[in-house]
Every structure is written in structure tokens, then in C-alpha cells.
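Before any comments, here is the structure.
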Amino acid sequence: MSASRRWFNELLKKTTTRTTKFQSQSSEYQGDGSAGMRLVRACALFGAGISGFLSFATIASAADETEHGLECPHYPWPHNGILSSYDHASIRRGHQVYQQVCASCHSMSLISYRDLVGVAYTEEEVKALASEIEVVDGPNDEGEMFTRPGKPSDRFPQPYANEQAARFANGGAYPPDLSLITKARHNGQNYVFSLLTGYRNPPAGVSIRDGLHYNPYFPGGAIAMPKMLIDGAIEYEDGTPATEAQMGKDVVSFLSWAAEPEMEERKLMGFKWIFVLSLALLQAAYYRRLKWSVLKSRKLILDVVN
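For the sequence shown, our numbering begins at 1154 and goes up steadily by one.
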């Protein structure tokens, strides 16, 4: 009886030990599973945060482009360098583009015909250009206004009598004056070129009301001015092919000169001043090293006789 009892107790101990080991292993497995779930949840939350941030950045960028227009690319304009000057042949072609394409809507009230002398035309050519317009002048001796042929001192003619007439003719939009347009707009030269050559069909989901045209570089994307630069729209005097890009480059060169006609003179004056100041610096260094240093290092010995 005692032997059977001992056998039963040993069997009970073995069973209890196995049960304890199984429970500990199960708890370890459960702990590993909960740690893995926490890692998966953390990765999911991190991915959701990154996706939300990228979505917000995309929406903000799209909203900024819609409000301010698409960022313009930077073009290598030949007159932007420190040692560079205007391409005067391009300025002449650009004036032709302005005269035949832009002048019907846009004014250049700060430019006179005589400003073109020595820049794009000779004095005789400027006189011939100015004489093609009629200017209201006066009063005469009888107190009446009269018309006369234009003179080189006259400003470029205004396409409209006043702002109200300009808005009425352009569906409420007011064509800006182009005298300082490359300075009046951010990234001026690149903006004007991109605007003139950037007309596109509106993308899917974008509707443009009647009378407006889609241009991603214009703030809001809808502009009243239609596409004006079309291949072969004009014929250059020098035989240059009048492509859209060529006309855009030439008219931007002309507008850049109109906004900053003193650029070449300013650069030349700057180099003159640099040369003069360099000579003055060398002279000052010479006198300091060979003249003033001698005087500065001189010692006076006073012999006092009692």
C-alpha cells in the first residue's frame, strides 16, 4: 500500500512539473506575440504619419502653385554675367516683336524713341520710326490742339486713351505697362519668358471659364491674354527664324534693356572704380611698407648733458 502511494505521489509531481513548464512556455510565447504586435502597430502608425505628412506637403505645394503660379525655370540670359553686355541684335528683334505683337495692348510709357539710338537703331532709323506715329500736340496760336508726326523725343504711343477703355477692350483685365515689367515681377526675365511660352491645355479636372486661357505660370492659372507668340507670326528683318522660343527670348531681352538701360554703363563704371581703388590700395601699401614703416620704427636718443 505504501509502495503504491509513493508511485502515485511521484506521478503527481511529474504531471505538476510538466504543467508548470507548459504554462511558462505559453506565457513566453504570449509575451513574444504581444511584443511583435506592438512593433507592427508602431510601424503602422509611423507609416500613417509619413503618408499624412507627404499628403499634406503635396496639397500645400499644389495650393501654392495655384495661388502664386508654377515656379519658373532659370534660363542662361547672356547679359546676366559680370562681364556680359546686352545682345543688341536681340534687342532690335525684340523691339520688332513688341511693335508688331505686344504694342496693340501693352504700353511702354517710360521709353522714348531716342532711347533706341545707338542701342538697336541708328539716328536716321529712329527718326523714321517716330514719324510713323501721329501725336496730339498743342495748343497752336489759335488755341486748338493738332496732330503732328512723331519725333524721336516722343514716348511710345499708348494703345488706349485711359484705363477704363483698356479694361473694356480686354474683358475687364488691365494690360500692364511693360516699361519695368522685368523688375516688377519676381524672377522677372524668367517669369516673362515662361509666361509667354507656357500656354498649355488645362489638365483633367481643371475648368477655365470663357475668355480666359490656361497658363500654369500665371497666378491662379487663368489669364485673359491669349497665346501671342506663334511660330512664324512675324518676319525678322535679319532673316532669323521667328520661332516661339526665339521671339520670347528677343522680346525679353528688349524688355530687360527697357527696365535697366544703364546696366552696361553701370558695369563699366564699376570696373573703373575697382581699377582706381586697386591703384590706391597698392599706393597705400607701398607708402606703409617703405615710408611709414621707416618713420614708425625710427628711434630718438636723447643725450642729456648735465
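From the three backbone atoms N, C-alpha and C, an ideal C-beta is built for every residue, glycine too.
Just so it is clear, the structure is predicted and the values come from calculations on it, not from any experiment.
Looking at residue i: is its Cβ nearer than 8 angstroms to the Cβ of residue j?
i: Leu1223; j: Pro1369; result: yes
i: Pro1305; j: Val1279; result: yes
i: Ser1237; j: Pro1229; result: no
i: Ala1357; j: Leu1365; result: no
i: Asn1343; j: Cys1225; result: yes
i: Thr1275; j: Glu1287; result: no
i: Pro1284; j: Pro1312; result: What sits at residue 1284 in the sequence shown is Ser, not Pro. Against a cut-off of 8 angstroms, the Cβ pair of Pro1312 and Ser1284 comes out as no contact.
i: Gly1401; j: Leu1432; result: no
i: Val1359; j: Tyr1367; result: yes
Between which two residues does the alpha helix (DSSP H) containing residue i stretch?
i: Arg1419; result: 1416 to 1440
i: Glu1278; result: 1276 to 1283
i: Arg1267; result: Run containing Arg1267: none; DSSP gives neither H nor E here.
i: Asn1343; result: 1341 to 1350
Below 8 angstroms on the Cβ atoms is my guess for residue i versus residue j; work out the distance and round it to an integer in Å.
i: Ala1242; j: Asp1391; result: 7 angstroms
i: Ser1332; j: Ala1256; result: In fact, because the Cβ distance is near 12 angstroms, the residues do not count as touching under 8 angstroms.
i: Val1254; j: Ala1386; result: 7 angstroms
i: Asp1307; j: Ser1265; result: 7 angstroms
i: Ala1319; j: Ala1377; result: The Cβ separation is near 11 angstroms, so there is no contact.
i: Val1250; j: Asp1403; result: 6 angstroms
Return helix, strand or coil for residue i, following the three-state DSSP convention.
i: His1366; result: strand
i: Ser1262; result: coil
i: Phe1309; result: coil
i: Asp1403; result: helix
i: Arg1246; result: helix
i: Val1254; result: helix
i: Glu1287; result: strand
i: Lys1452; result: coil
i: Ile1334; result: helix
i: Ala1314; result: coil
i: Ala1357; result: coil
i: Pro1231; result: coil
i: Ala1210; result: Low confidence applies to Ala1210: its pLDDT is 43, below 50, so where it sits in the model is not reliable, and the reading given next is rough at best. Looking at Ala1210 - three-state DSSP - the assignment turns out to be helix.
i: Ala1386; result: coil
i: Ala1395; result: coil
i: Ala1375; result: strand
i: Ala1326; result: coil
i: Cys1225; result: coil
i: Leu1198; result: helix
i: Ser1446; result: helix
i: Ser1238; result: coil
i: Met1190; result: helix
Where does the unbroken beta strand (DSSP E) through residue i begin, and where does it stop?
i: Thr1300; result: 1299 to 1302
Taking the alpha-carbon of residue i as reference, which of the options has the nearest alpha-carbon?
i: Ser1262; options: Pro1310, Ala1386, Pro1292, Tyr1274; result: Pro1310
i: Val1475; options: Phe1371, Ser1360, Asn1323; result: Absent from the model: residue 1475. The displayed extent of the chain is 1154 to 1459, so no value can be given.
i: Val1405; options: Tyr1266, Thr1350, Ala1386; result: Thr1350
i: Ala1314; options: Ser1260, Ala1437, Ala1283; result: Ser1260
i: Arg1246; options: Tyr1389, Arg1451, Tyr1352; result: Tyr1389
i: Phe1407; options: Ala1195, Asp1240, Leu1198, Ile1244; result: Ile1244
i: Gly1341; options: Val1457, Lys1452, Asn1233; result: Asn1233
i: Phe1348; options: Gly1423, Arg1441, Glu1397, Met1416; result: Contrary to the premise, residue 1348 reads as Leu rather than Phe in this sequence. Looking at the Cα atoms, Glu1397 is the closest of the given residues.
i: Asp1240; options: Phe1428, Ser1409, Gln1317; result: Ser1409
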